[in-house]
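Student: Chains as they are written, first to last, in the numbering used here: chain A, 131 to 928; chain B, 3 to 543. Would you mind keeping the following structure in view while I ask a few things?
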């Protein structure tokens, strides 16, 4: 009778306790359970499909031995294999975690804190999401919650210690069985217990302790073996590791409370970490020291996480996000304690504030369709199935993305991956190589109508693939189904020529031979294309023509961030093993006060600036084009002034000449300006010897044959000095106008294989689409002018 | 059995975990382990943090980085000296003879304090349990132009104690004491401020140490009876609790305790040996003890609350008190630098310098608080793109420091104590400025009772800071949108704004005493109003 009477007395309390999981479950199911499967769930869903062993997985979450998958196998036998059925197992564990949290935190800190912790668990976006996903994490959280309960009882020196130890042991083993890294958590817990108990009467017999130590030791050896396995799997990153790579200590913490809000939002919130310092100082307020239990829990939660974070920084990225799922109950307990131990108005304010924020985050996570976590493979597959023809080809990259797409795909065409991956071989996906990729694609495209390209889970080579397609094929369709998951359709309009390095007479000496030119991922053309993707798709496609090609970076002013910007570009280019191109345009009195007037104040500022640029480039490879139009304008300058300017330019050329990696070209105007003889002599006076060569047609429109003829004449007078020409806007030749002439077109795409002995490269020095000045309706010089860019792209003869 | 275990669970097991010993020696042995562990932890994570800061992070703007590096170097000095001071927590064993009862003069220095205050102090002095005691009231009211000097004189007559009213001024409190020294003969002298009421066992617990020939003075803690009154008194007490708790105990073990102006007993011969109380400085106690240590005299600190005094009740009084200490101690750093003085041991030099250089911390706080503002208005930062290493290194370091401070002050050093230390930077800066310009400070006694005076010295700079920070955040948002740099710098700005808010709240509260009850009912002072033994507050159980 006694228990029933207790229930009757506490009916309000018990109702709340029951309602919480129900509501939480309802929200979770409605908001998250519906969508198509995601990469992380592949293993669970394909368990019996025979492919399971080949789906890339985190070796720490092995299908064969993990408790989760064993339970799942039984669950599937009962309820079937549909995504809803498979996910419902996680949902059940999530719902059970809520009362488990209450029980655990009540044991540690009392009823009120227990309820608050359970409330946090009910509205936690992170736990809700994991409850609706067919992965092991909600089961892990459940074991961790119960484990926390027994750990607390042990720390508090409960008199029924034996039960506590048995319970602790069972839950620890279950946790490790589900996810091996739980061993780290368990070891820390045991360490804390031993440190805490020092000096008190022995609680377990010596024999038990020895056996326990042996068991733990063996488990560590087993874990060590698994970690070695992980380390050797560096060839392909598992789908989950994308998040792991991006997830770092701070962002992991934010995710645990606010859910998966997309990396921009999470990074922004994580950037406000000094508020945590404020929180730490507020910890001075309670007029008592934190209890040993609290210190122990903090050590257990934060210690291994900090170790993993440090290891991620120094050794190799560690699965922070998976580990953090284990400490969610402990973290929530600590936060609940911190909130509930404040004095009255502050505890209420802080507590309700926290719950409201978590609810808002939950709402955003539920209703915002564009989150990276909401991978829409189903939508993409279904669309693909409906549109694809039997003579089409589908190319998927990264290769393992093929699994979720195939799950929903029922179209006629065959699916291929880039890099090509033989799925019957369970070992690594081959490493990406650009030439191999190009050859594979050309082979796949042979004789096909339309090529459908699916890009997802960027392993670092997506941009190279995308650029290749944009450059050589005509795009018919593009859509981003969810952030990072894109589908595009292409058609071949002309035979693709793969650029193989040709060894002509001079090209063996061409320092650019065999190198790729660096494409700016954030050019105004790219940004404009992004903006217009939905609203003006054809125009966006045209702009892609510009954006896909390498263009030069103009250095035109002396601002403090010049060095930093250049370093950023150099490292980005270095990562892709590409060579960036810079133009220095800061000579004193440049453009003689014209549309691009400005420049350095004096020689000192100018040379200091040049030196800073050269230092930022360092020893790495880069193309530098010096001072467009400067030599040309010297034509009509009186002798002394001319001498001064030549000296200054010579010094600048010399500074660049000192850097091993810099391939410098001094600008020599264009073919309709200075006579070849005079230009050759100017170039000699300016020290062309220290540079690689000279540059022609920068920002101009003269057609290739005229420019090359002019350049060859100069080159002959300079004993074969090579040159580069700017082909950004000379597709249709020049008119009389110099600034934003209408009706021009893009010229040859940039290339280091020009077929001309003295021409090192065709470059796009002037960025097509940037205005020459306020003429012909254009904006200020250097500013992006979308309509003009469109015109250039439209009229391009390729 | 069941109910006690439930109880234990509900209290987080606290009841069962901590020993209930009444003796002070037991406390020291328990705290020593935890205290030293905390110090080690702080040093380890501190090293990590400084390593990351100086070696791994990308530098931003050169000038700003220089300022950041120097302020962090100063903080490093502070934390290392704090760890060094508080490392040895075993109380040193001093010779103590309970039967030693020489003649003692007790001076109560008065300069215009309210009559009831002085009456209370005299009563307390008369209640001291000691056979050989003469009480003197040192009345400086005449030379400082206070209106009630005559009333004090008659009060003394009424209560039966001798009153020495100085007719010629000079040297402020030091001069007052020196004058009294020339007129009295007791071998030992106890000093009390007008508001510090001694307890009955004061002399019994302190005189015994003088049996050792070399002991120059014995210092006891200050305790603010009005600490729960309002935010200002609570913060002032928090700062005192930290100092008179762990820090002085540590100094005691290093023979570096300095005189704190009141609640002390000194040997006449010792002070005479250094030429009397030093009259040329506004913190005469600090310098006189330095001279005493130079001459080889030792000092003893008794960590027991043996008197009860009053803390400053409004911000202006607090600011004046802090300014006096800052001005005096900064003079020590620049004009009487301990490192250059002969006679002090290395330990003592470091200790004196550390204590004196505390008053430079305002400069450091001001610099650090300016960094977010500079970013808002100009976009320059001392560090380049901040990566996670800073965060991972910094937060544990802060956590360890906080735990250490709690431990050292027995959890009395609360959030608003720390905030007042930080937000007092205008006071430190003003003291630096005065020292730099050679302005002589005025010797004004800290007011003991509340007065509705607005402390512009504090409110103006702090209010301006808050205003600039808010404007800056908006400006920066318009310039950069929601960038990560904006988030981090705004978070720092919010941190500093939160740090200065207790001072602003105290200023608001100080406008009228009726507001004290409202706030103290709820918040910060509430946790302090533990009944009973002040010694327990300072030391623990």
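Glycine is no exception: its CB is placed at the ideal position from the N, C-alpha and C atoms.
1) Within the continuous alpha helix (DSSP H) that includes residue 281 (chain A), where are the two ends?
2) Compute the Euclidean distance between the alpha carbons of residue 278 (chain A) and residue 423 (chain A), then round it to the nearest angstrom.
3) So, with DSSP's three-state summary, where would you put residue 384 (chain A)?
4) So, do the segment 380-400 of chain B and the segment 209-218 of chain B have three or more beta carbon pairs nearer to each other than 8 angstroms?
5) For residue 235 (chain B), which of helix, strand or coil comes out of DSSP?
6) Alpha carbon to alpha carbon, how far is residue 146 (chain A) from residue 395 (chain B)?
7) Are the C-beta atoms of residue 253 (chain B) and some chain A residue less than 9 angstroms apart?
8) Give a yes or no on whether the C-beta atoms belonging to residue 196 (chain B) and residue 113 (chain B) are separated by under 9 angstroms.
9) Note down, one range per segment and in chain order, each alpha helix (DSSP H) of at least 4 residues found wholly within the segment 343-420 of chain B.
10) Going by the beta-carbon positions, is the gap between residue 684 (chain A) and residue 649 (chain A) smaller than 9 angstroms?
11) Buried or exposed, going by whether 16 or more other CB atoms sit within 10 Å of the CB of residue 348 (chain B)?
12) Specify the secondary structure class of residue 734 (chain A) as computed by DSSP and reduced to three states.
13) Taking residue 379 (chain B) as the reference, which of B:316, B:482 and B:419 has the closest Cα?
14) Using a cut-off of 8 angstroms between C-beta atoms, extract the partners of residue 440 (chain A) located in chain B.
15) Count the other C-beta atoms from every protein chain shown that fall within 10 angstroms of the C-beta of residue 835 (chain A), then say buried if there are 16 or more, exposed otherwise.
16) Quick check: the segment 251-260 of chain B against the segment 428-438 of chain B, are there 3 or more CB pairs under 8 angstroms?
17) Please list the residues of the segment 405-428 of chain A that have a C-beta atom closer than 9 angstroms to any C-beta atom in chain B, keeping them in chain order.
18) Pick out whichever of B:181, B:223, B:208 and B:198 has its Cα sitting closest to the Cα of residue 103 (chain B).
19) Whose Cβ in chain B lies nearer than 9 angstroms to the Cβ of residue 379 (chain A)?
20) Among the residues of its own chain, which have a CB less than 7 angstroms from the CB of residue 911 (chain A), if the five just before and after it don't count?
21) Given residue 682 (chain A), which residues of its chain have a CB within under 6 angstroms of its CB, disregarding the five upstream and five downstream residues?
22) Using beta carbons (cut-off 9 angstroms, strictly below), is residue 859 (chain A) in contact with chain B?
23) Assess, as a yes-or-no matter, whether the segment 907-925 of chain A is touched by the segment 644-659 of chain A under the definition of 3 or more beta carbon pairs within less than 8 angstroms.
24) Anything in the segment 341-372 of chain B with a Cβ closer than 7 angstroms to a Cβ of chain A? List those residues in chain order, please.
25) May I ask you to report which of helix, strand or coil DSSP gives residue 728 (chain A)?
26) Can you tell which of A:716, A:142 and A:775 has the C-alpha that lies nearest to the C-alpha of residue 735 (chain A)?
27) Is residue 432 (chain B) helix, strand or coil by DSSP?
28) Between residue 486 (chain B) and chain A, is there a C-beta pair that is closer than 9 angstroms?
29) Can you tell me whether residue 272 (chain A) is buried or exposed, with buried defined as 16 or more other CB within 10 angstroms of its CB?
30) Under three-state DSSP, which class holds residue 41 (chain B)?
31) Can a CB atom of chain A be found closer than 9 angstroms to the CB of residue 501 (chain B)?
32) Output the distance between the C-alpha atoms of residue 486 (chain B) and residue 382 (chain A), rounded to the nearest integer angstrom.
33) In terms of residue numbering, what span does the beta strand (DSSP E) encompassing residue 609 (chain A) cover?
34) Does the Cβ-Cβ distance between residue 643 (chain A) and residue 882 (chain A) come in under 9 angstroms?
35) Could one say the Cβ of residue 739 (chain A) lies closer than 9 angstroms to chain B's Cβ atoms, at least one of them?
36) Report, in whole angstroms, the separation of the C-beta atoms of residue 280 (chain A) and residue 308 (chain A), which I expect to be a contact under 8 angstroms.
Tutor: Put simply:
1) In the first chain, residue 281 (chain A) corresponds to position 151, counting from 1. Unbroken alpha helix (DSSP H) run through residue 281 (chain A): 267-285.
2) Here residue 278 (chain A) is taken as the residue at index 148 of the first chain, counted from 1. Here residue 423 (chain A) is taken as the residue at index 293 of the first chain, counted from 1. Each residue's Cα considered, the two are about 11 angstroms apart.
3) As a working mapping, residue 384 (chain A) is identified with position 254 in the first chain. Residue 384 (chain A): helix per DSSP, three-state reduction.
4) no
5) Within the second chain, the letter at position 233 stands for residue 235 (chain B). If DSSP states are grouped into helix, strand and coil, residue 235 (chain B) belongs with the helices.
6) To locate residue 146 (chain A), count along the first chain from 1; it is residue 16. To locate residue 395 (chain B), count along the second chain from 1; it is residue 393. If you take the alpha carbons of residue 146 (chain A) and residue 395 (chain B), they lie about 41 angstroms apart.
7) As a first step, residue 253 (chain B) must be located in the second chain, where it is residue number 251. So no, residue 253 (chain B) is outside the interface.
8) Counted from its first residue, the second chain places residue 196 (chain B) at position 194. Counted from its first residue, the second chain places residue 113 (chain B) at position 111. Closer than 9 angstroms, so yes.
9) 348-359, 363-380 and 390-410
10) By 1-based counting over the first chain, the position of residue 684 (chain A) is 554. By 1-based counting over the first chain, the position of residue 649 (chain A) is 519. It is not a contact, given that the beta carbons lie outside the stated cut-off.
11) Taking the first residue of the second chain as 1, we reach residue 348 (chain B) at position 346. When all chains shown are included, residue 348 (chain B) counts as exposed.
12) For the purposes of this step, residue 734 (chain A) is identified with residue 604 of the first chain, where counting begins at 1. Looking at residue 734 (chain A) - three-state DSSP - the assignment turns out to be helix.
13) One-based indexing of the second chain puts residue 379 (chain B) at position 377. The residue with the shortest Cα to Cα distance from residue 379 (chain B) is B:482.
14) In the first chain, the residue the question calls residue 440 (chain A) occupies position 310. Result: 394.
15) Here the question's residue 835 (chain A) lines up with position 705 in the first chain. The residue in question, residue 835 (chain A), is exposed, as its Cβ has fewer than 16 Cβ neighbours within 10 Å.
16) no
17) 405, 406, 407, 408, 410, 411, 412, 413, 414, 415, 416, 417, 418, 419, 420, 421, 422, 423, 424, 425 and 428
18) What you label residue 103 (chain B) is simply residue 101 of the second chain in a count that begins at 1. It is B:208.
19) The sequence position of residue 379 (chain A) within the first chain is 249, counting from 1. The answer, in chain order, is 390, 393 and 394.
20) As a working note, residue 911 (chain A) is residue 781 in the first chain. Here the set comprises 725, 726, 901, 902 and 903.
21) For this step, residue 682 (chain A) is matched to residue 552 along the first chain. Here the set comprises 711, 713 and 895.
22) Here residue 859 (chain A) corresponds to residue number 729 of the first chain, with the count starting at 1. Judged by the 9 angstroms Cβ criterion, residue 859 (chain A) is not in contact with chain B.
23) yes
24) none
25) In the first chain, residue 728 (chain A) corresponds to position 598, counting from 1. Residue 728 (chain A): strand per DSSP, three-state reduction.
26) Locating residue 735 (chain A) in the first chain gives position 605, counting from the first residue. Per the Cα distances, A:716.
27) One-based indexing of the second chain puts residue 432 (chain B) at position 430. Residue 432 (chain B) falls in the helix class under three-state DSSP.
28) By one-based count along the second chain, residue 486 (chain B) stands at place 484. So, interface residue.
29) In the first chain, residue 272 (chain A) corresponds to position 142, counting from 1. So residue 272 (chain A) counts as buried.
30) Numbered from its first residue, the second chain carries residue 41 (chain B) at position 39. If DSSP states are grouped into helix, strand and coil, residue 41 (chain B) belongs with the helices.
31) As a working note, residue 501 (chain B) is residue 499 in the second chain. Closer than 9 angstroms to some Cβ of chain A, the Cβ of residue 501 (chain B) qualifies, so yes.
32) Within the second chain, numbered from 1, the residue matching residue 486 (chain B) stands at position 484. Within the first chain, numbered from 1, the residue matching residue 382 (chain A) stands at position 252. For residue 486 (chain B) and residue 382 (chain A), the distance between alpha carbons rounds to 16 angstroms.
33) Counting from 1 along the first chain, the entry for residue 609 (chain A) is found at position 479. 604-612 is the span of the beta strand (DSSP E), which, as asked, contains residue 609 (chain A).
34) If you number the first chain from 1, residue 643 (chain A) lands on position 513. If you number the first chain from 1, residue 882 (chain A) lands on position 752. Yes, these two residues count as a Cβ contact at 9 angstroms.
35) The residue given as residue 739 (chain A) occupies position 609 in the first chain. Answer no: the Cβ-Cβ gap between residue 739 (chain A) and chain B never drops below 9 angstroms.
36) What you label residue 280 (chain A) is simply residue 150 of the first chain in a count that begins at 1. What you label residue 308 (chain A) is simply residue 178 of the first chain in a count that begins at 1. Going by Cβ atoms, the distance from residue 280 (chain A) to residue 308 (chain A) rounds to 16 angstroms, so no, they are not a contact pair.
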